[in-house]
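Student: Please see the structure below; I have some questions.
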Amino acid sequence: MQTAKKSLPAFLLASTLLLAACGAETASQQPAAPPAPVVQTMTVRLTDVPNVIELSGRARAYAEAEIRPQVTGIISERLFKEGDTVRKGQALYQIDAAEYAAAVRSAEAALARAEATASVAKETAARFERLAGINAVSQQEYDQAVASARQAEADIGIQKAALDRARIDLARTKISSPIEGRIGRSSVTQGALVTQNQTAPLARVLQTDPIYVDLTVSSARILSWRQQIAEGEIATTEQNTIPVDIILADGTPYPLAGDLEFSEVNVEESAGTVAVRVVVPNPDDLILPGMFVRAKFVAGYYENVATLPQSVVSRTPTGEASVMVVGEDGIVRQRIITVEQNADNTWTVLNGLKGGEQVATANLQSIRDGMTVQPQPANEQTSAAQDTRGGSK
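Here you go:
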């Protein structure tokens, strides 16, 4: 028993040393704190940026005519090829004219008969005038002869009008184009019966050179444009129009510039918008009516502002634009900015950034306000657009 008591302290000492050794080994196996994440950044550069206004619109024909018959008859011939360019006054359809030609001959005969009747009545009135002078006929008979002569003259006028109408109807059997332009498909063929002033058109002629592009903007924006024109911030031509660049639906720039005309405006009271038109030369019919296009023009310049790719700008829950700015101490701070969208998928930063500051461009989902990071300059391809007026300042 005494021997056992003497060995107990030694056992406890050995156990304590073993536990201490295990604790030291466990402490040495704990991982060190992770390094600060690497975040790509771009340097804010102040520059002059054109205020490019870009609007979407639809192309409309400069002039449009629906071809309808003005007389009733059978189409005897179609005188055009669908899709061709037709001249003003060019014959498009021929209606069977036999009935209308006969009506002209009948009117001509009726006029000749009226003229003959009037000639006899005029001679009778002259003879009765001489006889009335010697009291050979009564005054009443003379008055009746004069009235008959006048009536015969009036009949001539009626028959002349009837002849003119018959000739007009005969001329209308040849249906012509009232404007110059391209004609579409025909809704009737040879042998079809058409009626006077029918609802359905036979064909449509569209004048597409020049062509309209209809745009819709707010009335407030129109007022702003007018003020900018007055102050010289928006350049105009001698005709007080604004040069406009057209972009086709596939993104291809249209080679010819149009003119934005403020004279063609209509205010939509319910929506508070204004319809304006761009007149665009279209000699090759590259723009067709109904085609979706975009129109853009420069309305002055923003001076000493920054530009950022849209990918680096996010929105707060309240809708404000913000970016993550990396300070010199490597700490990320969320910054509220004021932006204006450009036409080339970039934002123009009007307020909130200074030249030389670093804006995070990558890993935006993994960083947060107050986090310490390692900034790394991004590739120049991710930088903001350079100044189109001569580079950054």
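Here the sequence shown stands for residues -20 to -1, 1 to 373, numbered as in mature numbering (1 follows the signal peptide of the UniProt record, and there is no 0).
Just so it is clear, CB atoms sit at the ideal spot from N, CA and C, and this is done for glycine as well.
For clarity, every value in this text was computed on a predicted model and none was experimentally measured.
Bridge partners for A275 per DSSP, in chain order?
Tutor: For A275, which the question treats as bridged, DSSP gives the partners L35 and I226.
Student: As an exercise, report each continuous beta strand (DSSP E) stretch of at least 3 residues that is fully enclosed by the region 123 to 157, in chain order.
Tutor: Counting whole runs of 3 or more residues, the region 123 to 157 contains the beta strand (DSSP E) stretches 154 to 156.
Student: The alpha helix (DSSP H) that contains V84, what's its start and end?
Tutor: Segment A78 to G113, the alpha helix (DSSP H) holding V84.
Student: Return yes when the Cβ of I136 is within less than 7 Å of the Cβ of A112, no when it is not.
Tutor: No.
Student: Would you mind working out which of L266, V254 and G335 sits nearest P235, comparing C-alpha positions?
Tutor: Out of L266, V254 and G335, L266 has the C-alpha closest to the C-alpha of P235.
Student: Skipping 5 residues on each side, what residues in its chain have a beta carbon closer than 6 Å to that of V117?
Tutor: Here the set comprises F108 and L111.
Student: How is V303 classed by DSSP in three states: helix, strand or coil?
Tutor: Note: V303 maps to strand in three-state DSSP.
Student: For S303, count the other beta carbons within 10 Å of its own beta carbon; 16 or more makes it buried, fewer makes it exposed. Which is it?
Tutor: Here residue 303 is Val; the residue named in the question, Ser, does not match the sequence. Label assigned to V303: buried.
Student: Is R93 near Y73, with beta carbons less than 7 Å apart?
Tutor: Taking 7 Å as the Cβ cut-off, R93 and Y73 do not qualify as a contacting pair.
Student: Where does Q20 fall in DSSP's three states?
Tutor: In this structure, Q20 counts as strand in the three-state DSSP scheme.
Student: Grab the span of the beta strand (DSSP E) containing A340 for me, first residue to last.
Tutor: Counting along the chain, the beta strand (DSSP E) containing A340 begins and ends at Q338 to A340.
Student: Using a Cβ-Cβ distance under 7 Å, would A125 count as near chain B?
Tutor: The structure shown contains no chain B; it is built from a single protein chain.
Student: How many angstroms separate the CA atom of R162 from the CA atom of V293?
Tutor: For R162 and V293, the distance between alpha carbons rounds to 48 Å.
Student: With 16 as the cutoff for other CB atoms within 10 Å, does I317 come out buried or exposed?
Tutor: It counts as buried.
Student: My output table needs one value for I267: the three-state DSSP class, helix, strand or coil.
Tutor: Three-state result, I267: coil.
Student: Measuring CA to CA, which of L228, V18 and P49 is closest to R38?
Tutor: It is L228.
Student: Work out the CA separation of N284 and L330 for me, nearest whole Å.
Tutor: Straight-line Cα distance between these residues: approximately 9 Å.
Student: Measure the Cβ-Cβ separation of A134 and A87 and say whether it is below 7 Å.
Tutor: No.
Student: For a test of the three-state rule: what should DSSP assign to R40, helix, strand or coil?
Tutor: It is a strand residue.
Student: Just to confirm, are P190 and V259 a CB contact at a threshold of 7 Å?
Tutor: Yes; because the gap between Cβ atoms is below 7 Å, this pair is in contact.
Student: Compare the Cα-Cα distances from S250 to each of S199, G231 and V256 and report the closest residue.
Tutor: The candidate whose alpha carbon is nearest that of S250 is S199.
Student: With respect to the beta strand (DSSP E) encompassing A71, which residues constitute its N-terminal and C-terminal limits?
Tutor: Counting along the chain, the beta strand (DSSP E) containing A71 begins and ends at A71 to I75.
Student: What is the rounded straight-line gap between the Cα of D264 and the Cα of I54?
Tutor: Cα to Cα, D264 sits roughly 36 Å from I54.
Student: Short of 8 Å in beta carbon distance, which residues of its chain neighbour G350, apart from the five on each side in sequence? Order them along the chain.
Tutor: Excluding residues within five positions, the ones whose Cβ falls inside 8 Å are I311, V312 and R313.
Student: Hey, residue 378 and L344: beta-carbon distance below 7 Å or not?
Tutor: Because the chain spans -20 through 373 in this model, residue 378 falls outside it and cannot be assessed.
Student: Could you give the DSSP three-state label for residue 408: helix, strand or coil?
Tutor: Outside the displayed span of the chain (-20 to 373) sits residue 408, for which this structure offers no information.
Student: Kindly identify the DSSP beta-bridge partner or partners of W327.
Tutor: According to DSSP, W327 bridges with L288 and Q321.
Student: Just mark F272 as buried or exposed, buried being the case when its beta carbon has 16 or more other beta carbons within 10 Å.
Tutor: By the neighbour-count rule (16 or more Cβ atoms within 10 Å), F272 is not buried but exposed.
Student: With DSSP collapsed to three states, give me the class of S346.
Tutor: Three-state result, S346: coil.
Student: Is the distance from the Cβ of G164 to the Cβ of R184 below 7 Å?
Tutor: Yes.
Student: Applying the criterion that 16 or more other CB atoms from any shown protein chain within 10 Å of the CB defines a buried residue, is N115 buried or exposed?
Tutor: By the neighbour-count rule (16 or more Cβ atoms within 10 Å), N115 is not buried but exposed.
Student: Compare the C-alpha of D239 against each of P233, G307 and T221 and name the closest.
Tutor: Nearest of P233, G307 and T221 to D239, Cα basis: T221.
Student: Just reading off the beta strand (DSSP E) that A255 is part of, what are its end residues?
Tutor: Unbroken beta strand (DSSP E) run through A255: T253 to V260.
Student: Taking Cβ positions, are V353 and P17 nearer each other than 7 Å?
Tutor: Yes, they are a contact pair.
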